[in-house]
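Each residue of the sequence shown is one higher than the one before, starting from 1 at the first, in UniProt numbering.
Ideal Cβ placement from N, Cα and C applies to all residues, glycine included.
Note that the coordinates shown come from a computational prediction; the quantities given were computed from them, not determined experimentally.
Working notes for the structure below.
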Amino acid sequence: MVSSKLNDSINYKENREIEDGDLGTSSVVYEMEIEDRLIKFVLGKQKYTYSGKNVLYYPIYLLNENRIKAQIGVFELQSNKALNILDDDGDVDLNMLEEPLLYSFVNDSFLDKALKPKVVPASVNDFEQIDEDEEDDHLKSSRHIAKSMKEDEMEKEEGEVSEDDEDDHISLKVPESVHSEQAKSLKEKSKDGLIEIDEDYQQPALLKEEDEQENKDIKSGFKENAKQPWIQKYMKNPNYEIVEVESNGDCFFASVREAFRQIGYKTTVEKQRTALAREMPERIFTDQLELFELYQNNINELDGRLEAIKKENTEYKKRIKKATPTEREEILERGNQLVKESKKIQKEKATVEQEQNTYVGYMRNIKTIDQYRDYIETPSFWADAWAISTIERLFNIKVIIMSEMAYNDGAMHSVLNCGEINKQIQDRGVFNPDHYIIVTYSGNHYRLVTYKNKRIFTFREIPYGIKVLIVNKCLERNSGSFYLIEDFRNFKAKQGIHPDTGNPKKSEDEQDADELNRELYDDDTIFMFHQNSELSAKPGKGSGEKIAVEKIPQFSDLAKTKEWRRMLDDTWPGVVLSIDNLKWMSAEHYIQAAKFKGGFPDFYKSFSIESESDIAKDVDYAKAAGESGKLKKKSEEGGKTKEIVLRAKHIHPDETYDAEEVRKIAINAKFSQNEDVKQVLLATKKAKLVHFSRSSVGNSIDIPLMELRRKLATAKI
1 MVSSKLNDSI NYKENREIED GDLGTSSVVY EMEIEDRLIK FVLGKQKYTY SGKNVLYYPI
61 YLLNENRIKA QIGVFELQSN KALNILDDDG DVDLNMLEEP LLYSFVNDSF LDKALKPKVV
121 PASVNDFEQI DEDEEDDHLK SSRHIAKSMK EDEMEKEEGE VSEDDEDDHI SLKVPESVHS
181 EQAKSLKEKS KDGLIEIDED YQQPALLKEE DEQENKDIKS GFKENAKQPW IQKYMKNPNY
241 EIVEVESNGD CFFASVREAF RQIGYKTTVE KQRTALAREM PERIFTDQLE LFELYQNNIN
301 ELDGRLEAIK KENTEYKKRI KKATPTEREE ILERGNQLVK ESKKIQKEKA TVEQEQNTYV
361 GYMRNIKTID QYRDYIETPS FWADAWAIST IERLFNIKVI IMSEMAYNDG AMHSVLNCGE
421 INKQIQDRGV FNPDHYIIVT YSGNHYRLVT YKNKRIFTFR EIPYGIKVLI VNKCLERNSG
481 SFYLIEDFRN FKAKQGIHPD TGNPKKSEDE QDADELNREL YDDDTIFMFH QNSELSAKPG
541 KGSGEKIAVE KIPQFSDLAK TKEWRRMLDD TWPGVVLSID NLKWMSAEHY IQAAKFKGGF
601 PDFYKSFSIE SESDIAKDVD YAKAAGESGK LKKKSEEGGK TKEIVLRAKH IHPDETYDAE
661 EVRKIAINAK FSQNEDVKQV LLATKKAKLV HFSRSSVGNS IDIPLMELRR KLATAKI
């Protein structure tokens with residue numbers, strides 16, 4: 001163990017191995033003196049193991065003849081200095097770091113053995129020799145550009161034995177995880193049959209990395225017109241284009257194929273489907289079969305109720321012939337009730353059948369896992385979250401999904417869909433994609449997105465605007481596997497955001513809250529809502545949501561109402577609330593108005609429907625009037641922004657204003673006085689309701705709303 005110089009509680013294990021995440025990455029070669037000799041070394045990626053203690057570190061790897069020999073120590077730094085240690089090229093400036101912490105075994109004897117010249121067989125795939133004469137002068141004195149630290153550079157030719165191999169103290173022990181999918185280069189993947197590589201293919205020029213100012217300049221010069229593809233309008237950037245692919249179940253796989261084609265990597269839809277069928281875990285099949293059977297059981301139960309009504313109705317038809325006038329009247333009344341009940345059940349059955357077809361209709365003729373594997377290899381199988389995350393792992397890529405559905409719904413915060421984390425990647429805890437592919441999804445069709453004519457990107461080439469969207473998702477704790485990608489963690493750090501921000505793991509406080517409120521909600525089903533929530537996403541399938549497979553059928557009634565998420569929000573305008581002998585257009589109107597009830601009653605009343613004011617008619621006006629007192633609004637002519645003053649300077653909120661209590665009054669009136677929103681709230685059953693917010697406060701579990709839900713459900717019983 002080597003003790004940290006920055007925190008006495010930290011001890012670094014003397015580990016000779018290459019750490020997870022460092023293989024397959026490019027590095028700069030540095031030089032320093034150890035034991036009066038000049039040695040060359042490379043750094044691993046910045047590690048966040050001790051970030052909770054305000055300490056980050058870089059592993060140091062000793063080089064000999066451009067081959068890594070062993071990890072020999074670490075450079076450490078305080079977390080709050082992470083932004084200041086990179087030079088203009090984005091490389092670590094050693095002058096900004098303290099002296100390295102070297103492991104105890106690094107002595108003359110170790111260096112003699114580790115740096116001993118060695119004859120390497122011609123068949124060994126080694127680093128290419130660096131031509132120092134071609135380097136920039138400012139690099140010659142201190143460092144050289146190295147090739148990627150790839151797995152095949154660490155492995156010896158099969159059967160090769162050397163003195164170093166027999167000396168455990170010197171020989172590098174490659175951990176098992178090094179042989180994982182992530183450590184494989186795309187060239188190695190060609191052996192798996194996924195891709196064929198055209199070695200003579202002329203590679204497209206790399207895009208220059210964009211920065212914040214360039215992104216601002218592009219957006220400020222953007223002029224929207226009706227003919228532009230939606231993604232240009234959303235990103236306010238004319239450099240995006242959409243490439244059409246096959247408009248069937250092959251569309252996602254075709255997008256991947258077309259992206260790789262640009263760099264000379266050939267794959268096919270069929271190869272991808274075959275790989276997926278081979279990779280599919282049994283749980284995928286059993287989950288789909290279970291869901292189909294749950295729906296079918298519901299349908300069978302409804303059929304049973306319809307059959308019972310039919311039998312009862314037949315019996316009444318027989319009795320009515322011999323019935324007295326009084327009995328006849330009773331039978332007719334009961335018959336009418338049965339007709340109404342039958343129509344209601346038939347309507348419910350139609351809904352369940354539609355849901356079954358939407359989710360798992362394809363399972364009707366699939367009974368075995370082999371049949372499901374065969375199904376995956378046909379165009380009838382559309383890439384789902386599992387399939388996409390598996391393709392990402394197999395190709396070591398990250399697919400950036402832009403939802404055209406969310407854009408069309410006006411749910412701008414939900415356009416970026418970060419996708420599902422592949423279980424193997426999640427278990428590994430690190431993800432370093434070779435390439436990124438951007439696609440757009442319309443709800444039933446994937447298409448490839450290009451930027452400046454590039455179809456496939458390295459991290460540096462990803463448009464700055466896309467990187468910012470991803471970081472925002474990290475802040476929402478809704479970033480999927482992006483949270484595990486070291487390049488995005490470093491990008492966050494450059495923006496002044498701690499790399500661990502957005503950790504999807506629950507804090508102890510959150511775990512305690514879930515335990516404390518387990519009577520209110522089930523944590524396996526989460527619904528997220530806000531003023532401009534998605535309209536098209538099924539319950540549990542929206543941004544930031546999750547749902548247990550077996551619970552999907554429970555929310556068929558909820559799915560009938562397109563705007564159910566927006567109806568849960570305080571800003572929903574489709575209600576009338578009666579509070580304090582006044583009427584209010586939304587809960588938000590009363591919440592904002594109540595701030596001024598004591599000191600400025602006339603202004604308080606201006607939020608009510610009776611006032612017929614602009615504030616009373618528009619929830620955005622009401623929010624602005626209650627908060628800043630001003631509303632910035634684009635004029636219809638010319639699109640220029642103007643500021644509307646909604647509250648006089650002398651009007652201020654009451655000091656006794658109790659926000660929590662006022663909101664309870666507002667939502668109680670909203671959901672108890674309006675049957676449509678009440679039924680929507682009850683239809684969420686015991687799902688965990690989370691209010692989305694891009695403010696500094698962030699998302700919040702809506703405990704008062706769920707307490708009201710329980711109260712209404714109990715009263716209903």
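| Asked | Found |
| --- | --- |
| Alpha carbon of residue 421 to alpha carbon of residue 339, nearest angstrom | 49 Å |
| Residue 287 CB to nearest heavy atom of the ligand ATP below 8 Å | Only the bare structure without any ligand can be found here, which leaves the ligand ATP out of the picture. |
| Contact under 9 Å by Cβ, residue 42 with residue 57 | no |
| Coarse secondary structure for residue 16, derived from DSSP in three states | coil |
| Proximity to residue 31 [Cα-Cα], best of 2, 48 and 64 | 64 |
| Nearest-angstrom beta carbon gap, residue 257 and residue 377 [assumed within contact, 8 Å] | Their Cβ separation, rounded to whole angstroms, is 16 Å, which puts residue 377 and residue 257 out of contact at 8 Å. |
| Where residue 626 falls: helix, strand or coil (DSSP) | helix |
| Simplified DSSP state of residue 684, which is helix, strand or coil | coil |
| Under the three-state DSSP convention, the category residue 311 falls into | helix |
| Minimum C-alpha distance to residue 241 - residue among 202, 440 and 382 | 440 |
| 7 Å CB neighbourhood of residue 403 in its chain, flanking five on each side removed | 414, 415, 417 and 441 |
| Residue 454 - partner residues in DSSP beta bridges | 451 |
| Backbone CA spacing between residue 559 and residue 204 [nearest angstrom] | 46 Å |
| With 16 other Cβ atoms within 10 Å as the buried cut-off, status of residue 469 | buried |
| Through-space distance from residue 526 to residue 624, alpha-carbon basis | 30 Å |
| Contacting residues, own chain, Cβ-Cβ under 6 Å from residue 169 (five flanking each side not counted) | Low per-residue confidence applies at residue 169: pLDDT is 33, beneath 50, and the placement is therefore not dependable enough to give any value. |
| Rounded C-alpha distance that separates residue 28 from residue 46 | 14 Å |
| Stretch pair the region 288 to 307 + the region 391 to 403: three plus CB contacts closer than 8 Å | no |
| Neighbour-count burial assignment, residue 608, 16 or more Cβ in a 10 Å radius | buried |
| Residue 615 to residue 633 span [Cα, whole Å] | 14 Å |
| Residue nearest to residue 6 in terms of C-alpha spacing, selected from 95, 81 and 39 | 81 |
| Range of the contiguous beta strand (DSSP E) that encloses residue 42 | 37 to 43 |
| For residue 652, the three-state DSSP class (helix, strand or coil) | coil |
| Residue 589 - containing beta strand (DSSP E), residue span | No beta strand (DSSP E) holds residue 589; the alpha helix (DSSP H) holding it covers 587 to 593. |
| Cutoff 9 Å: residue 96 Cβ touching any chain B Cβ | No chain B is present in this structure, which holds just one protein chain. |
| Local Cβ density within 10 Å of residue 447, reported as buried at 16 or more and exposed below that | buried |
| Alpha carbon of residue 695 to alpha carbon of residue 461, nearest angstrom | 29 Å |
| Burial state of residue 87 (16 or more Cβ within 10 Å) | exposed |
| Beta strand (DSSP E) segment containing residue 59, residue limits | 55 to 64 |
| Distance CB(residue 55)-CB(residue 33) smaller than 9 Å | no |
| Exposure of residue 390, with buried meaning 16 or more beta-carbon neighbours within 10 Å | buried |
| Contact set for residue 68: own chain, Cβ-Cβ below 6 Å, skip 5 residues either direction | 61 |
| Unbroken beta strand (DSSP E) run spanning residue 522, endpoints | 522 to 529 |
| Residues bridged to residue 641 (per DSSP) | 634 |
| Extent of the continuous alpha helix (DSSP H) run through residue 667 | 659 to 673 |
| Local Cβ density within 10 Å of residue 606, reported as buried at 16 or more and exposed below that | buried |
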